[in-house]
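Q: Before I ask anything, let me first share the structure, which is written out below as structure tokens.
Protein chains: 2
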Amino acid sequence: MKNILPADLTPFLDFVSHEAEAVESAMHEDLAEALRDNDPFLVEVIEYALFGGGKRIRPLLAILAARICGSRDTRIYRLAAGFEYLHVATLVHDDVIDNALERRGRLSVGQKYGMPVAILAGDWLHARSMFLVGRYGGRDSLEVFCRSTAGMVDGEFLQLRYVADCGVTEKQYFDVIHRKTALLIESTCEIGALFAGADRQQCQALAVYGHKLGKAFQVIDDLLDYQGNAQSTGKKTGNDFVEGKVTLPLIRTLACADEHNSKMITALFAGDRTKADAVVRIAKIIEEHGGFSSARETAESLVHDAVTALDIFSGNGDRESLSILRGLAGYVLNRDR
Amino acid sequence: MKNILPADLTPFLDFVSHEAEAVESAMHEDLAEALRDNDPFLVEVIEYALFGGGKRIRPLLAILAARICGSRDTRIYRLAAGFEYLHVATLVHDDVIDNALERRGRLSVGQKYGMPVAILAGDWLHARSMFLVGRYGGRDSLEVFCRSTAGMVDGEFLQLRYVADCGVTEKQYFDVIHRKTALLIESTCEIGALFAGADRQQCQALAVYGHKLGKAFQVIDDLLDYQGNAQSTGKKTGNDFVEGKVTLPLIRTLACADEHNSKMITALFAGDRTKADAVVRIAKIIEEHGGFSSARETAESLVHDAVTALDIFSGNGDRESLSILRGLAGYVLNRDR
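Protein chains in written order, with this note's numbering: chain A, 1 to 337; chain B, 1001 to 1337.
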């Protein structure tokens, strides 16, 4: 697949950074309203959780989905903030669950403030995200949003079920990442379209775009977990392996490995996964079997499907938004964090 | 204050148990719909969390608030289930935070299934409660509901701030219990009225009823923590003291204790609170200073205010609902669990 990033990245990057700033302003305004009479410690924790260098991809998607369907209503920024709140709420709880030390190169909320505070802060963000989606998105949006939130929990349960299970199938892997990651991105795009009063075909196209993009996003995340530079990602390399998560590069490897290599992989998963050379050995086997490149091809193909879903907008949608949505899809493939 | 429980309890108890059954049916129906394609383990955990002998007071209040305002719409049962979901979600997370072993005489969700599962199950219930309130209550109800949920978190933060602080004032204590307990009960009653399309005065009256009742409920909870029978309450006696919670009986005691007794209380709070005789000594000092009876009088006065707020319904509201709402207030005072 050819590179779908535009040749001149400047307008794309300008747009993304400008809109990310607008989202951060909306978040600050919303927090000033929501936390007015609240405990100052709660305010501190919520701000620490929200303003730590997030990429704001979900809010951007909501904004672009509304725009491409013709809306210029600026209340979209408040609605968009809701998606970031929910995303951060799940990260904060996930970090408690995984006992993660760091997030984006800083202490996780749980490590900095303790587990009780992290659970409560996640709950607060969760409630506020629902509030924003209900207020600015209306009833249909809220239904879509709540369904995807509940689905995300279901995805985490599925993932717990498959820990250190080298027999996980590709279908099961995609089931997990669909619920865990793609559902929220899909609903973000769909709700942006609903906000704009889009017709059914447009809502559907944006939902497909979000669904495919979300899956691609997670496949790339799983690749970066092995291949990323810890300094750009802010995450330790090989973390998924240590936590026993069997991801696509490994599934592809197991599908073509001989008995010797399969047994080696199974033994490494069953053994002490925190040993420094274990992850290096796993990564070497995956590399030799083309597991990384095979997973990357799948991500490319998902991004291709995502971009194709937007074709209905080529004639009559907002041209700039279409170009940025395509650019975002390219970014998902090429990101290093 | 005279006993406000009706002389013949039979119709009251019949109603309560009949409606509690209807709520449980609505919960089962809703779960069958919501969890249809979900991980069976998630289903098991959610059912364990929800069906463990809860008193279903919040759903009952929502139903009665709608009825007294003239509604007979049976969708109220689904809406009412949402309040129970949210209540249970907070209990599940609180038990993780407090590392509680038991809840209602059984293992807490966190102890039975582990902390990660308990956090996720709480999140699922939280999301589903919002879904139900948004679907059956509409946008205004959802706003009231989300505000009270966020306020509950704020109450927990306040409570963390005051742990083992014997200087807590009565105002601070009521600030905490307002957010932690009364807000949800208040919004339950208000949303029940909104569901019925009640006028502003009726909504307001039911909100006041819920607010006062919620505070009384928590004051009694705090009394039962010292005086209750562990077998009926399903909670260990003296738990609040062990966790460093300074509640109304103690605040009233500190307000009238001499220097010797004040120092003794402060020393017991600063010392090893898990020692078996520490809680016995604290309880003895409170008893001698009339701290328990003084707190009970406050609960009675709050219940009196709650019941008085319903006076606007004496002429034109549903008589049976009025009588049951009064009865529930009496139950809150006289409950032993």
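Even for Gly, the Cβ is constructed at its ideal location relative to N, Cα and C.
What would DSSP say about residue 1243 of chain B, mapped onto helix, strand or coil?
A: Residue state, collapsed to three classes: coil.
Q: Count the other CB atoms within 10 Å of the CB of residue 1314 of chain B; is the residue buried (16 or more) or exposed (fewer)?
A: Residue 1314 of chain B is exposed by the Cβ-count criterion.
Q: Which residue wins for smallest C-alpha separation from residue 57 of chain A, given the options A:262, A:77, A:317 and A:195?
A: Answer by Cα proximity: A:77.
Q: Under three-state DSSP, which class holds residue 18 of chain A?
A: Helix.
Q: Return the first residue and the last residue of the alpha helix (DSSP H) that residue 296 of chain A is part of.
A: Note, residue 296 of chain A: alpha helix (DSSP H), 291 to 309.
Q: Can you name, in chain order, every residue of its own chain whose Cβ lies under 6 Å from the Cβ of residue 1 of chain A, other than the five neighbours on each side?
A: Its pLDDT being 49, under 50, residue 1 of chain A is placed unreliably by the model, and nothing is read from it.
Q: In whole angstroms, what is the alpha-carbon distance linking residue 1013 of chain B and residue 1318 of chain B?
A: When rounded, the distance between both Cα atoms is 18 Å.
Q: Using 9 Å as the limit for Cβ to Cβ distance, is residue 2 of chain A near chain B?
A: Because the pLDDT at residue 2 of chain A is just 49, under 50, the model does not fix this residue reliably, and the point stays unresolved.
Q: Identify each residue in the region 70 to 94 of chain A for which the Cβ-Cβ distance to at least one residue of chain B is less than 7 Å, and report them in chain order.
A: The region 70 to 94 of chain A vs chain B, Cβ under 7 Å: 93.
Q: Mapping DSSP to helix, strand and coil, what is residue 2 of chain A?
A: With a pLDDT of only 49 at residue 2 of chain A, under 50, the local geometry of the prediction cannot be trusted, and the value read off the model is given with reservation. Of the three classes helix, strand and coil, the one that applies to residue 2 of chain A here is coil, per DSSP.
Q: Residue 131 of chain A touches chain B at which residues, Cβ-Cβ below 8 Å?
A: The contacting residues are 1142, 1143, 1146, 1147 and 1150.
Q: List the residues of chain B whose Cβ lies closer than 7 Å to the Cβ of residue 97 of chain A, in chain order.
A: Those within 7 Å of residue 97 of chain A in chain B are 1116 and 1119.
Q: Less than 8 Å between C-beta atoms, sequence neighbours within five positions excluded: which residues of the same chain meet that for residue 246 of chain A?
A: Answer for residue 246 of chain A: 162, 164, 165, 166, 168, 173 and 269, listed in chain order.
Q: Are the beta-carbon atoms belonging to residue 54 of chain A and residue 131 of chain A less than 9 Å from one another?
A: The answer is no: Cβ separation not under 9 Å.
Q: Going by C-alpha distance, which of B:1008, B:1052 and B:1035 is nearest residue 1024 of chain B?
A: Comparing Cα positions, the closest option is B:1052.
Q: For residue 37 of chain A and residue 1185 of chain B, what's the separation of their Cα atoms in angstroms?
A: Their backbone Cα atoms lie some 20 Å apart in a straight line.
Q: Can you have a look at residue 32 of chain A and say buried or exposed, based on whether 16 or more other CB atoms are within 10 angstroms of its CB?
A: Classification for residue 32 of chain A: exposed.
Q: Listed in chain order, which residues of the region 1195 to 1206 of chain B have Cβ atoms closer than 9 Å to some Cβ of chain A?
A: Within the region 1195 to 1206 of chain B, no residue qualifies.
Q: Establish whether the CB of residue 1174 of chain B and some CB of chain A are separated by less than 9 Å.
A: Not one chain A Cβ lies under 9 Å of residue 1174 of chain B.
Q: Since residue 1127 of chain B meets chain A, which of its residues come closer than 8 Å, beta carbon to beta carbon?
A: Ordered by position in chain A, the residues that pass the 8 Å Cβ test against residue 1127 of chain B are 126, 130, 146, 149, 150 and 153.
Q: Does the count of Cβ pairs from the region 1153 to 1162 of chain B and the region 116 to 135 of chain A closer than 8 Å reach three?
A: They touch, by the three-pair rule.
Q: For my contact list, residue 1237 of chain B and residue 1228 of chain B are in at a C-beta cut-off of 8 Å; report their separation, rounded to the angstrom.
A: Right, their Cβ atoms sit about 6 Å apart.
Q: Return the chain-ordered ranges of every alpha helix (DSSP H) run that is complete within the region 180 to 257 of chain A and spans a minimum of 4 residues.
A: Counting only runs of 4 or more, we get 183 to 195, 200 to 227, 230 to 233, 239 to 242 and 248 to 256.
Q: For the alpha helix (DSSP H) that contains residue 79 of chain A, what are its first and last residues?
A: 76 to 97 is the extent of the alpha helix (DSSP H) around residue 79 of chain A.
Q: Looking at the structure shown, is residue 328 of chain A part of a helix, part of a strand, or coil, going by DSSP?
A: In the structure shown, residue 328 of chain A sits in a helix (DSSP, three-state: H, G or I).
Q: Would residue 1263 of chain B be called buried (16 or more neighbouring beta carbons within 10 Å of its own) or exposed?
A: Residue 1263 of chain B is exposed by the Cβ-count criterion.
Q: DSSP state of residue 106 of chain A, grouped into three classes?
A: Correct three-state label for residue 106 of chain A: strand.
Q: Is residue 1143 of chain B closer than 9 Å to residue 135 of chain A when the C-beta atoms are compared?
A: It is a contact, given that the beta carbons lie within the stated cut-off.
Q: Check whether the Cβ atoms of residue 127 of chain A and residue 1126 of chain B lie closer than 9 Å to each other.
A: Going by C-beta atoms, residue 127 of chain A is nearer than 9 Å to residue 1126 of chain B.
Q: Taking C-beta pairs closer than 8 Å, name the residues in chain A that residue 1138 of chain B reaches, listed in chain order.
A: Under the 8 Å cutoff, chain A gives 139.
Q: Is residue 156 of chain A close to chain D, meaning its C-beta is less than 9 Å from at least one C-beta of that chain?
A: The structure shown has no chain D; the protein chains it does contain are A and B.
Q: Can you give the beta carbon distance from residue 967 of chain B to residue 1306 of chain B, rounded, assuming they're within the 8 Å contact cut?
A: Residue coverage of chain B in this structure runs from 1001 to 1337, which leaves residue 967 of chain B outside it and unanswerable.
Q: State the DSSP-derived secondary structure class of residue 129 of chain A, mapped to helix, strand or coil.
A: Residue 129 of chain A: helix per DSSP, three-state reduction.
Q: Taking 7 Å as the limit between beta carbons, can you name the residues of its chain near residue 1152 of chain B, skipping five residues before and five after?
A: For residue 1152 of chain B, where only same-chain residues beyond five positions count, the Cβ hits under 7 Å are 1090, 1179, 1180, 1183 and 1184.
Q: Assuming residue 342 of chain A contacts residue 60 of chain A under a Cβ cut-off of 8 Å, what Cβ separation, rounded to an integer in Å, is found between them?
A: This structure cannot settle anything about residue 342 of chain A, because the visible part of chain A is limited to 1 through 337.
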